[in-house]
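Taken in sequence, the protein lines are chains A and B. The working numbering numbers the first residue of the first sequence as 1 and each following residue consecutively. The working numbering numbers the first residue of the second sequence as 1 and each following residue consecutively. Everything on this sheet refers to the single structure shown next.
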Amino acid sequence: AQTVTQSQPEMSVQEAETVTLSCTYDTSESDYYLFWYKQPPSRQMILVIRQEAYKQQNATENRFSVNFQKAAKSFSLKISDSQRGDAAMYFCAYRTTSGSRLTFGEGTQLTVNP
Amino acid sequence: GAVVSQHPSWVICKSGTSVKIECRSLDFQATTMFWYRQFPKQSLMLMATSNEGSKATYEQGVEKDKFLINHASLTLSTLTVTSAHPEDSSFYICSARDHRLAKNIQYFGAGTRLSVL
């Protein structure tokens, strides 16, 4: 069974600084999708970034980028120039290419300090 | 981006009553929708996968007679919590999978906070 692990329950960062959130996963599949979702205090889940395992290039969305290390089964999220609006719970998630269900990690609560 | 509407956002009910939560995909057809439960400061727990025109697939440990799911159209799935009790109080979130093109992304509703008195 696939598992997703986020080893950092809480992280904090100063405004305008950079922070990296860690995620590791376990799977026997060779092709799959990885996601980072953000859940702000409103509790609305928002897709931050998506990575397809067969693509070697790391995904980037504006200030958000990932470091995808397939052999190490690691998928970290880097947030550059952190802003107050980035404060949220961040969930790493996994899905097989053929399946439909997402497997979520435990989440990392990010605090952005002024 | 794709929008999923979930209603109501907050409901308070008396113990023993039933509550229905609606999940709609507003600008795409969703053959598959998902229902999650989330406790405070915890991750999302998948309850069931809702498939249009067929019976839902429930995760282990989820009572299908307690949590009734209906996916009668390509844009609407409902979750009915039957004979609700205080232990059913939680945050319920739906999501819908957008199969268009190569996106295949799940979009989430804003969630429903259920409080059972």
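For each residue, glycine too, the CB sits at the ideal point set by N, CA and C.
Item checked: Pairwise C-alpha distance: A/ALA71 and B/ALA30 -> Between B/ALA30 and A/ALA71, the C-alpha separation is close to 34 Å.
Next item on the list: Note down, in chain order, every chain A residue with its Cβ under 8 Å from the Cβ of B/THR82.
Entry: Under the 8 Å cutoff, chain A gives no residues; its nearest Cβ is about 24 Å from B/THR82.
Next item on the list: Check whether the Cβ atoms of A/VAL13 and A/SER80 lie closer than 8 Å to each other.
Entry: Contact flag unset, no.
Next item on the list: Output yes or no for whether 8 Å exceeds the beta carbon distance between B/SER89 and B/SER54.
Entry: no
Checklist line | Chain-ordered neighbours of B/GLY16 on chain A, where CB pairs are closer than 9 Å | finding: The contacting residues do not exist; B/GLY16 stays about 27 Å from chain A at best.
Margin query: Would B/THR75 pass as an interface residue toward chain A - the criterion being a Cβ-Cβ separation below 8 Å?
Written below: no
Next item on the list: Give a yes or no on contact between the stretch 99–114 of chain A and the stretch 17–28 of chain B, applying the rule of three or more CB pairs nearer than 8 Å.
Entry: Inter-segment contact for the stretch 99–114 of chain A and the stretch 17–28 of chain B is absent: fewer than three beta-carbon pairs are separated by less than 8 Å.
Check: If we ignore side chains and look at the alpha-carbon of each, how far apart do B/PHE91 and A/GLU29 end up?
Finding: 32 Å
Item checked: Helix, strand or coil at B/GLU63 according to DSSP, with G and I counted as helix -> coil
Notebook entry, point to check: Does the beta carbon of B/PHE34 come closer than 8 Å to any beta carbon on chain A?
Noted result: Residue-level contact by beta carbon holds for B/PHE34 and chain A, with a gap shorter than 8 Å.
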